[in-house]
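The structure under discussion appears below in the form of C-alpha cells.
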Amino acid sequence: MGTDAEAAPKAMDQAIALKPDAIHISGTPLTMLSKQIASAEAAGIPVVADSIAGEPVPGVISTALDGDAQVQEWGRMVASQVVADSNGEANVAIFSITDYSILNVFTDAFTAQLESQCPDCKVQLVNQQVTDLGTKTPQSVVSTLQRDPTINYAVFSFGDLVLGVDAALRGASLQDQVTFAGQTPTPDNLQSLKDGDNSVWVGFPVQILGWRVLDTLARQFNGDDVAEADAAFMPTQLLNKDNIEAAVLDEETGYYVGVADYQDQFKTLWKK
0 MGTDAEAAPK AMDQAIALKP DAIHISGTPL TMLSKQIASA EAAGIPVVAD SIAGEPVPGV
60 ISTALDGDAQ VQEWGRMVAS QVVADSNGEA NVAIFSITDY SILNVFTDAF TAQLESQCPD
120 CKVQLVNQQV TDLGTKTPQS VVSTLQRDPT INYAVFSFGD LVLGVDAALR GASLQDQVTF
180 AGQTPTPDNL QSLKDGDNSV WVGFPVQILG WRVLDTLARQ FNGDDVAEAD AAFMPTQLLN
240 KDNIEAAVLD EETGYYVGVA DYQDQFKTLW KK
C-alpha cells in the first residue's frame, strides 16, 4: 500500500469503488481516512478496523481488535516482566513510531506500569520513522546505548523494529548490554527465543486476528450485537526462551497462534 500519507486514502478509495460488502482496515489512524469512511457509510459499506487507537467513529463498526484495551494489557504485561526480570533495576529505552497512535497506547501503558511498580526504574522513548525500519533504527539503538551504557532493556513497540538491530549491536560490541522486550513478535523474534536469546515478547496471534475480523463482520451481517465479541481479548502469553518450545506457533509461518484448533472453534461457533 505504501508508506506516504496518501497511500491509505487512495487504497480505500479503490476499495469503495469495488462496491464490496465490507471493508477491513488495519493500523491506519481513522483520522487519515475520515473522507473515505464517510463515503463508505453513505454507500452502506460497513468498516471494521483493527490495530488502531480510539473508539469507533460513525461508519466503523469496531476498533476493538488489537485496540486500546488489548494493547494496554500488553504494555502492562511487558513492563511487569521487565521489573521482575531486572529485580527493580531496569533502565529502559523504548523504540517506537509515535505517528501511530496505537503504538503510543502500548508505550504509555508500559511506562505507567513501570513507574507504578518500580519508581526507581528509568525509561525513555526514542522515536523512529516508518522509513527507519531496518535502515536508521539499528544505528539509533546503537547510539542510544552508547550515550547511556546503563540502559539494560530495549523495548520495541512492534517486532519489525528489531530488523537489523542484532547485527548492529554485535558490530558495536553491545550485544550483551540489553535484553529485548516488546509486543507483536515476528517469526524471526520468536526464532531468536528458540536459539536461546534472553528476551521477552507478548504473543500476538495474527492469524486469529484475521478470523476475529471475519467473526465481527458475520455478527454485523446477522444483525447481532458485536459488543460481546469486542470485549474478548485475543489469546496471548509472555514468551521467553524457557517456554517458547511449548508455545503454539503456526507451523507454516512461525507466527504465534496460542490456540492450536482455533479454526475448528470458529467453525463450531458459526454453526450455532
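Mind the numbering: the sequence shown is residues 0 to 271 in numbering that gives the first Met the number 0, read in order.
All residues carry an ideal CB built from backbone N, CA and C; glycine is no exception.
Values in this document were obtained by computation on a predicted structure and should not be read as measured data.
In this structure the segment 50-57 does not lie against the segment 77-95, because fewer than three pairs of beta carbons, one per stretch, are closer than 8 Å.
Taking a C-beta distance under 8 Å as the contact criterion, Gly-58 and Glu-40 qualify as a contact pair. Per DSSP, the unbroken beta strand (DSSP E) holding Lys-121 starts and ends at 121-126.
Considering only Gly-66, Val-201, Val-256 and Met-76, the residue with the shortest C-alpha distance to Phe-109 is Met-76. Residues of the same chain with a CB within less than 7 Å of the CB of Leu-248, apart from the 5 flanking positions on each side, are Leu-189, Tyr-254, Tyr-255 and Val-256 in chain order. Beyond the five residues adjoining it in sequence on each side, Pro-8 comes within less than 8 Å, by CB distance, of Met-31, Leu-32, Lys-34 and Gln-35 in the same chain, given in chain order. Under the Cβ criterion (8 Å, minimum of three pairs), the segment 128-135 counts as touching the segment 153-167.
With a threshold of 16 other beta carbon atoms within 10 Å, Ala-92 meets it and is buried. In this chain, Gln-236 is not harboured by any alpha helix (DSSP H), its DSSP state being neither H nor E. In the displayed model, Asp-107 falls within a helix according to three-state DSSP. In this structure, DSSP gives Asn-90 an extended state, which the three-state scheme calls strand. Minimum Cα-Cα distance from Lys-240 among the listed residues Val-205, Gln-123 and Asp-194 corresponds to Asp-194.
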